[in-house]
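Student: Per my numbering, residue -8 is the first one in the sequence shown, and the count goes up by one each step.
By construction, the Cβ of each residue, glycine as well, lies at the ideal position given by its N, Cα and C atoms.
Questions regarding the structure given below will be posed in turn.
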Amino acid sequence: MYVCVCKAVTEREVHQAIRGGARSLRDLRSDLGIIEECGRCAGCARQCLRDAEAHASDASHPLHYAPPNLMLSEAV
């Protein structure tokens, strides 16, 4: 899906920029040139940033704890 029609920037490209270190709309504007023309893409770009932040937060805080495998001695 296109995030910025003016610059023909796709959602995939925005996510690649975020994985590459973009952390703000200013970073995305600098990296991809979005939000320079009409500005209609700002909302979608902001949502991409929020989604990436939420995903990173989920990955760093797993919901379930998995204990290490324990070797159990066999019962005789």
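Alpha helix (DSSP H) containing V(-6): first to last residue?
Tutor: Taking the first residue of the sequence shown as 1, we reach residue -6 at position 3. Taken as a continuous stretch (DSSP letters only), V(-6) belongs to no alpha helix (DSSP H), being part of the beta strand (DSSP E) at -7 to -5.
Student: Going along the chain, which residues of its own chain have a beta-carbon closer than 6 Å to the beta-carbon of K(-2), five neighbours each way excluded?
Tutor: As a working note, residue -2 is residue 7 in the sequence shown. Contacts found: G24, I25.
Student: Which residue or residues does DSSP assign as beta-bridge partners of V0?
Tutor: Within the sequence shown, numbered from 1, the residue matching residue 0 stands at position 9. C(-5).
Student: For H6 and C29, I'd like the C-alpha separation in whole angstroms.
Tutor: Taking the sequence shown and counting its residues from 1, one reaches residue 6 at position 15. Taking the sequence shown and counting its residues from 1, one reaches residue 29 at position 38. Approximately 21 Å between the Cα atoms of the pair.
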